[in-house]
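K.L.:
Per the numbering used here, the very first residue in the sequence shown carries number 10; after that it's consecutive.
The C-beta atom is built at its ideal place from N, Cα and C for all residues, glycine as well.
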Amino acid sequence: MDALVRLLQLLVLLLTLPLHLMALLGLWEPLCKSYFPYVMDVLTAKNNRKIESKKRELFSQIKGLAGASGKVALLELGSGTGANFQFYPAGCRITCLDPNPHFQTFLTKSMAENRHLEYERFVVAFGEDMKELADGSMDVVVSTLVLCSVQSPKRVLQEVQRVLRPGGLFFFWEHMAEPQGSWALLWQQVLEPTWKHIADGCCLTRETRKDLESAKFSELQMEQHPPLLKWLPVGPHIMGKAVK
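1. List the residues that DSSP assigns as beta-bridge partners of C101.
2. Would you list the one or two residues that DSSP bridges to V151?
3. So the beta strand (DSSP E) Q230 belongs to, where does it begin and stop?
4. Counting along the chain, where does the alpha helix (DSSP H) carrying A32 start and finish?
5. Would DSSP call L241 helix, strand or coil?
6. In or out: G136 buried (at least 16 other Cβ within 10 Å) or exposed?
7. Terminal residues of the continuous beta strand (DSSP E) containing K250?
8. What do you get for K239, buried or exposed, if any count of 16 or more other CB atoms within 10 angstroms of its CB means buried?
9. Could you round the C-beta distance between E222 and A186 to whole angstroms and report it? I think they count as a contact, below 8 Å.
10. Our contact map puts L83 next to V149 with C-beta atoms below 8 Å; I'd like the distance itself, whole angstroms only.
11. Counting beta carbon pairs with one atom in the region 104 to 114 and one in the region 56 to 70, are three or more of them shorter than 8 Å?
12. Taking the runs of the beta strand (DSSP E) that are 3 residues or longer, which of them lie wholly in the region 180 to 221?
13. Report yes or no: do the region 57 to 65 and the region 124 to 133 share at least 3 C-beta pairs separated by less than 8 Å?
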């Protein structure tokens, strides 16, 4: 099976050779960083229409974390275009973090369309190193379709726990690898080297469920859903929350 995967990977590489050459020469990443926000703006709108009720149900739990001030300090990890803003309850003070500065234009537009929220700031940083955010400074951290593209999910989850206050909540909606031994996983393995260039570092074969289960949260709840867009090689999704 491994030999078949390597052979098919080589065939895909040959078919997409210009892309890989551009990546090798350092020309592809700047181009990808500039166009990827436009792609995500379209895809997240499609995803939201399919999963709107689930997102509203998940994020409705944020309201209960508001203190006497009625405010909730919320960090959107890998904030992208701000596709989740419409689902957050009023009074959330939003800090956005993303390594791609090209998303800021989309975030500004999303905040203007969601006046029930307070926009704190946009931090250009990787989730593995959120040193600009203080320990225990957040009531909520949200990650949607982010852990697939980070360098180290383990380190990101450690940082999430660091910035969360005791009892704070981590909400997630992520995708993961297809089941072991399946043909779907084989094709994910074949496509992943090329897909990572196209989708700004997205890994198709990451076992995100295991990463969450091995993180040191006091409580973890999750449910699995089938892929939203059947024409993409992205696998099942998991949605849920974890408590620090």
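P.N.:
To lay it out plainly:
1. Locating residue 101 in the sequence shown gives position 92, where the first residue counts as 1. C101 is bridged to V81.
2. Numbered from 1 along the sequence shown, position 142 holds the residue referred to as residue 151. Paired residue(s): E85 and F180.
3. To locate residue 230, count along the sequence shown from 1; it is residue 221. E228 to H234 is the span of the beta strand (DSSP E), which, as asked, contains Q230.
4. By one-based count along the sequence shown, residue 32 stands at place 23. L26 to L33 is the extent of the alpha helix (DSSP H) around A32.
5. Translated into the one-based positions of the sequence shown, residue 241 becomes position 232. Coil.
6. To locate residue 136, count along the sequence shown from 1; it is residue 127. Under this definition G136 is a buried residue.
7. One-based indexing of the sequence shown puts residue 250 at position 241. Element bounds for K250: H246 to V252.
8. Counted from its first residue, the sequence shown places residue 239 at position 230. The residue in question, K239, is exposed, as its Cβ has fewer than 16 Cβ neighbours within 10 Å.
9. Sequence index remark: in the sequence shown, residue 222 carries index 213 (1-based). Sequence index remark: in the sequence shown, residue 186 carries index 177 (1-based). E222 to A186, Cβ: 14 Å. No contact.
10. In the sequence shown, counting from the first residue as 1, residue 83 sits at position 74. In the sequence shown, counting from the first residue as 1, residue 149 sits at position 140. Correct: roughly 4 Å between the Cβ atoms.
11. no
12. none
13. no
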